[in-house]
Amino acid sequence: MSCAIVWFRGDLRLADNPALSAACAEHSQVLPLYIHSPQEAAPWRPGAASRWWLHHSLAALNERFHAKGGSLHIRHGDALSVLRQLAQATRAEAVYWNRQYEPAAIARDTRIKEALRLEGIHVHSKPGNLWREPWQVATKVGEPYRVFTPFWRSLRTDLDGSPPLPVAQAAQWLRLDGGLPLSALELLPRIRWDTGFGQLWKPGESGANELLEVFCDDALSSYAKARDLPARHGTSRLSPHLHFGEITPRQIRAALLRHADRRDSRNRPDPEPYLRELGWREFAHHLLYHFPTSTQEDFNPNFAGLRWAEIGEDQLARWQSGRTGVPLVDAGMRELWHTGWMHNRVRMVAASFLTKNLRVHWQSGARWFWDTLVDADLANNTLGWQWVAGTGADAAPYFRIFNPVTQSQKFDPDGVYLRRWLPELADVPTRVLHEPWADPACLRRTGYPSPMVDLAASRQAALAAYSELRRVREVPD
DNA sequence: TGAAATGTTGGGGCG
DNA sequence: ACGCCCCAACATTTC
């Protein structure tokens, strides 16, 4: 009886799981293991919303194993020590895992792989959560891509068309005493701000697959247009499921293509716009892998001289809690707080407001998103914030400053989204709703704050700071 | 996956 | 019928 340990990390699923499938194929006994070791992810330990999701996703995974006569073995602490100890206790010959690509994870896995191999334990690390491994995509001269469009052109012609792996089944799932109950990980918040989350989200593999089906049936055909409207459920909202590896890009692509084929030829949904968004996810992982310092540093060194505003905690708190006085920004920040998620267009607007109108360093925003998003993902978060701030590799030019009023007029013309998240403004006529300060009586009556900055003036100030930066760079002292 | 300023065009009202 | 003005709609430029 040969035994293997499958170490679950960012791949909380049974289907299309290369590590799990390989372990089941090559060994008769398989121990599914989760080790909680947030300190090993420093300085990006999972935030509060992420931990909420993790708790429920682990519970769902554990249930899946129970249904199969197994159990997810849960431990806490230093991953290498736990693996060593369990390998000894089970006489496991091998450890399997699917790769992660964050710098801290790569360093940890490299160290653990070497240590285990020295002790005679086979280690199999598998690709699982990306279409292509980051080192498999390169320019003609072998460099990593820095611009999305050529990256996507290269990637999309080169996608693996093989079908996703079926749900893995071991000859025998190994059950072991000494594991922790899930509650011992203390992932759920002490102050229960998460009360609304359960209504919205169903963490876990089956939740992910249900959501994918709903998306293919209801939203895919109108995705290209509807994805920009925050009032609608026009996006897939698969991002947290993807982050925790409850579903893979390969499964999603297979479902999309299957769906596009099934329809009659006249009204065939085009999967391309959505696949392109998954391409951005791949691009983010590609960049983080090749440029691991980009979580802490501006990708583009030209911005090193940019002076960011030093704002007080109370000012930052206004942005965080959705009391800036700018409706679309506030609606987004409140959606984030109440649901652990924010519509992508609104993320761009809220981030543009923080970095350009308030001129707060993008890291402050990235930190808040990291702590409050259920889909917080180091690669995506870093790319997104650097993109908005203009400091990124393939970023929005610095002068591209969103006007939150224009944006809500354009993408939430009837104010449905604004009213949903700003109940104090629910009765305000739509024209005023987009810019309540235009009607001082409205502010007095509703108690909604006046904007913490003048949009036009702060835009001008940001543009001035940019041209100053350029002047300094072109004429060095 | 910008916004605002500036430039151009063309239709309609009007003397 | 014509020129003129106005202005909306669209295009281009600039940040």
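The first sequence begins at 12 in the numbering used here and counts up one residue at a time.
All residues carry an ideal CB built from backbone N, CA and C; glycine is no exception.
Going by the beta-carbon positions, is the gap between residue i and residue j smaller than 7 Å?
i, j, result
"S61", "A387", "yes"
"P447", "Y459", "yes"
"E144", "L389", "no"
"G343", "V357", "yes"
"C14", "R95", "no"
"L480", "G316", "yes"
"A179", "S32", "yes"
"L454", "G256", "no"
"H84", "L187", "yes"
"V93", "I132", "no"
"P284", "A237", "no"
"G403", "F310", "yes"
"W373", "T366", "yes"
"L191", "L69", "no"
"W319", "R279", "no"
"Q99", "R20", "no"
"G80", "N109", "no"
"S48", "A90", "yes"
"R122", "E51", "no"
"P282", "L267", "yes"
"W146", "G290", "no"
"A265", "P175", "yes"
Could you check which residue in the options has the C-alpha nearest to that of residue i?
i, options, result
"A219", "L231, G207, S233, S247", "S247"
"A406", "C35, R370, R157", "R157"
"Q397", "P312, W330, K236, H47", "P312"
"L211", "M353, V443, L365, I132", "M353"
"Q327", "W379, E308, R442", "Per the sequence presented here, residue 327 reads as Leu, with Gln not at that position. Ranking W379, E308, R442 by Cα distance to L327 puts W379 first."
"W55", "T304, D281, Y477", "T304"
"A26", "P177, A195, P241", "P177"
"V360", "Q420, G323, L127, E324", "Q420"
"S39", "G58, E51, M12, N28", "M12"
"A181", "V41, K137, L253, P260", "V41"
"S217", "E288, D272, L72, R345", "L72"
"S232", "D239, A271, H254", "A271"
"A242", "W432, Q262, G207", "W432"
"K561", "G80, I117, P192", "Limits of the chain in this structure are 12 at one end and 488 at the other, which puts residue 561 out of reach."
"R201", "A36, Q50, A59, A437", "A59"
"S469", "L347, R128, F413, K124", "F413"
"L129", "A53, E346, E104, L286", "E104"
"D205", "T350, P43, E51, F226", "T350"
"G395", "A476, T306, R329, Q262", "T306"
"A230", "G215, K213, P214, L249", "L249"
"S478", "V148, F314, R345, R430", "F314"
"L44", "E288, Y300, H87, P175", "H87"
"T168", "E321, R287, Y409, V439", "R287"
"L196", "P57, F159, I322", "P57"
"N355", "G207, C35, L240, G333", "L240"
Please determine whether the Cβ atom of residue i lies at a distance below 6 Å from any heavy atom of the ligand GDP.
i, result
"R167", "As far as ligands go, the structure on display features none, and thus does not contain the ligand GDP."
Just curious, the beta strand (DSSP E) that residue i is in, first and last residue?
i, result
"Y459", "Taken as a continuous stretch (DSSP letters only), Y459 belongs to no beta strand (DSSP E), as it is neither H nor E."
Could you tell me which residues DSSP puts in a beta bridge with residue i?
i, result
"R86", "I46"
"V106", "I16, V134"
"Q183", "Q40"
Give the range of the alpha helix (DSSP H) segment to which residue i is assigned.
i, result
"Y285", "283-301"
"W204", "No alpha helix (DSSP H) contains W204, which DSSP labels as neither H nor E."
"Q420", "415-422"
"S233", "Neither: S233 is in no alpha helix (DSSP H) and is coded neither H nor E."
"E224", "216-225"
"W432", "427-432"
"W379", "373-383"
"A361", "355-363"
"L25", "Looking at the DSSP string, L25 is not in any alpha helix (DSSP H), and its letter there is neither H nor E."
"Q326", "324-332"
"H66", "59-78"
"G395", "389-400"
"V443", "441-444"
"I117", "114-129"
"L253", "250-254"
"S305", "Where S305 is concerned, there is no enclosing alpha helix (DSSP H), given that its DSSP letter is neither H nor E."
"E346", "338-350"
Just to check my reading of the structure: residue i and residue j have Cβ atoms closer than 8 Å, yes? What is that Cβ distance to the nearest angstrom?
i, j, result
"P424", "V337", "The Cβ separation is near 17 Å, so there is no contact."
"W184", "V106", "About 16 Å; that fails the 8 Å criterion."
"W63", "E293", "Going by Cβ atoms, the distance from W63 to E293 rounds to 26 Å, so no, they are not a contact pair."
"L166", "L65", "Contact doesn't hold; Cβ gap of about 29 Å is too wide."
"V340", "P415", "5 Å"
"W381", "N392", "6 Å"
"H67", "P214", "4 Å"
"L436", "T457", "6 Å"
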